[in-house]
Ligand SMILES: [Fe+2]
Ligand SMILES: [Fe+2]
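Numbering (our numbering), first residue to last: 2 to 314.
Shown next, in the form of structure tokens:
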């Protein structure tokens, strides 16, 4: 039923695909959202759950990947795009995210939360389709995809995806903006990709609120176990990122470098680390600003960035 609802909304928009006004309105709607009333909301309450689920559901942008226009690039720009070492890992990350979110959604009986999770996973699937279109449009060669193994613990997979999006999106926000400012990529290409970046902002906003809500649903003795699990997730993510930075995947096969780690060189950025962190922080605030202020913002990665900033000259 939930997948159908998403499909129905998407179909509803099909005849608008060429309508610039509708596209503009959908773009505004995905970035700005307030709950029905402005009554205070207690974190962990049912009203809180309603708020973060409806935020995600109501801000779904029904664009069709097939309708996206990929601008024709001059030879030099095309070379830049093709040689970015991110395409394999980006495609695989979206596939993995889709699988993990849907696997977790299957375990959630609450209809509203389930609907929101199904939509979240559906958007990950759409990200992969968008990347597929881009790859095809510019003749990028992809490595064959690995086999994706399902985790025995769907909650683990959901936490891994949620927290990794919190890290990667934060840096992607800054890198994306700097690519835009330096004109390293043509504005049309940046604009085509923009909805995907904002979707990740919605995802991490949803995730941060889900974590806070979920923690409060647990019994007192479950909370330390959950805290331990979150810690294990972070250790896993650090280990995973060290592996990626070394250019190796878990089977020791050469892979793409991580966008967040090497993206600045790839984007021909002349910002220092401090300016880069500032840009990530500003962009993070800007992208979150349009959503109901009763929702919590993801804070851990921005806090770490502010902390790291103190040690950068
Ligand atoms: Fe995604
Ligand atoms: Fe996402």
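Glycine included, each C-beta is placed from N, C-alpha and C at the ideal position.
Fair warning: this is a prediction, and the values are worked out from it, not measured in the lab.
Helix, strand or coil at residue i [DSSP, three-state]
{"i": "residue 105", "result": "helix"}
{"i": "residue 159", "result": "helix"}
{"i": "residue 88", "result": "helix"}
{"i": "residue 314", "result": "coil"}
{"i": "residue 184", "result": "coil"}
{"i": "residue 300", "result": "coil"}
{"i": "residue 295", "result": "coil"}
{"i": "residue 36", "result": "coil"}
{"i": "residue 168", "result": "helix"}
{"i": "residue 309", "result": "helix"}
{"i": "residue 175", "result": "helix"}
{"i": "residue 285", "result": "helix"}
{"i": "residue 97", "result": "helix"}
{"i": "residue 279", "result": "helix"}
{"i": "residue 143", "result": "coil"}
{"i": "residue 259", "result": "Reliability fails at residue 259, whose pLDDT of 40 lies under 50, so the model's placement of it is uncertain and the value that follows must be treated cautiously. The answer is coil: DSSP assigns residue 259 none of H, G, I, E or B."}
{"i": "residue 70", "result": "coil"}
{"i": "residue 274", "result": "helix"}
{"i": "residue 250", "result": "Only weak support exists for where residue 250 lies, its pLDDT of 48 falling under 50; the coordinates are left without a value."}
{"i": "residue 266", "result": "Model confidence at residue 266 stands at a pLDDT of 49, short of 50, so the residue's coordinates are unreliable; what they give is reported in the following sentence. DSSP places residue 266 in helix when its eight states are reduced to three."}
{"i": "residue 42", "result": "coil"}
Start and end residues, alpha helix (DSSP H) containing residue i
{"i": "residue 49", "result": "47 to 59"}
{"i": "residue 80", "result": "76 to 84"}
{"i": "residue 236", "result": "223 to 246"}
{"i": "residue 290", "result": "Counting along the chain, residue 290 falls outside any alpha helix (DSSP H), and DSSP gives it neither H nor E."}
{"i": "residue 218", "result": "188 to 218"}
{"i": "residue 122", "result": "112 to 139"}
{"i": "residue 150", "result": "Here residue 150 belongs to no alpha helix (DSSP H), and DSSP marks it neither H nor E."}
{"i": "residue 22", "result": "21 to 32"}
CB of residue i within 8 Å of CB of residue j, strictly
{"i": "residue 209", "j": "residue 74", "result": "no"}
{"i": "residue 61", "j": "residue 120", "result": "yes"}
{"i": "residue 324", "j": "residue 143", "result": "Shown here, the chain extends from 2 to 314; a query on residue 324 therefore has no answer."}
{"i": "residue 72", "j": "residue 190", "result": "yes"}
{"i": "residue 112", "j": "residue 206", "result": "no"}
{"i": "residue 152", "j": "residue 158", "result": "yes"}
{"i": "residue 203", "j": "residue 57", "result": "yes"}
{"i": "residue 118", "j": "residue 234", "result": "no"}
{"i": "residue 63", "j": "residue 27", "result": "yes"}
{"i": "residue 130", "j": "residue 295", "result": "no"}
{"i": "residue 171", "j": "residue 302", "result": "yes"}
{"i": "residue 193", "j": "residue 70", "result": "yes"}
{"i": "residue 45", "j": "residue 214", "result": "yes"}
{"i": "residue 280", "j": "residue 272", "result": "yes"}
{"i": "residue 134", "j": "residue 66", "result": "yes"}
{"i": "residue 132", "j": "residue 54", "result": "no"}
{"i": "residue 155", "j": "residue 108", "result": "yes"}
Original post:
Who sits around ligand 2, taking every residue whose Cβ is closer than 6 Å to one of its heavy atoms?
Top reply: 98, 125, 166, 201, 204
**OP:** For the region 75 to 86 and the region 104 to 112, state whether three or more C-beta atom pairs, one from each stretch, are separated by less than 8 Å.
**Re:** no
**OP:** Report yes or no: do the region 230 to 249 and the region 192 to 206 share at least 3 C-beta pairs separated by less than 8 Å?
**Re:** no
Original post:
Is the region 176 to 192 touching the region 121 to 132, taking contact as three or more C-beta pairs under 8 Å?
Top reply: no
**OP:** Check whether the region 68 to 80 touches the region 42 to 56, taking contact to mean three or more Cβ pairs, one atom from each stretch, closer than 8 Å.
**Re:** no
**OP:** Pair every Cβ in the region 91 to 100 with every Cβ in the region 30 to 41, then say whether three or more of these pairs are closer than 8 Å.
**Re:** no
Original post:
Three or more beta-carbon pairs under 8 Å between the region 217 to 225 and the region 291 to 310, yes or no?
Top reply: no
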